[in-house]
């Protein structure tokens, strides 16, 4: 979202909720070995290399990599986009509120 950037590294996410309903998460599977799963709101999602998943991370979501070490790591590129229901004036206010160093 604008100039705000955050980076996380992890193997499994046991259960998380996004901190706001203002954005949608895009996950692009760069390397998705067997045993990887993403569940959003109790619904398993089909994760595959070269494909993107778009979801509202304000719903409970979990990510697992239960494959063998020989399968290698799961590599996912994640980007947050503005939720389409957030108006331009709201985006501007949120950018101001969440500006790094504020």
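Residue numbers (the UniProt record's numbering): 1 to 102. For glycine and all other residues, C-beta sits at the position ideal for the given N, C-alpha and C. Keep in mind the model is a prediction, meaning the values are calculated, not measured.
Taking the C-beta atoms as reference points, residue 60 is found nearer than 9 Å to residue 17. Between the alpha carbons of residue 29 and residue 80 lies a gap of roughly 15 Å.
The segment 17 to 27 makes contact with the segment 38 to 58, as at least three CB pairs between them are under 8 Å. For secondary structure counted as the beta strand (DSSP E) over 3 or more consecutive residues, the UniProt domain "Aspartyl/asparaginy/proline hydroxylase" (20 to 84) holds these complete runs in sequence order: 23 to 31, 36 to 40, 43 to 45, 52 to 55, 61 to 65, 75 to 82. Counting along the chain, residue 88 sits inside the alpha helix (DSSP H) bounded by residues 88 to 97. A check of alpha carbon separations from residue 77 across 68, 50, 88, 99 identifies 50 as the nearest. Between the alpha carbons of residue 35 and residue 14 lies a distance of about 15 Å.
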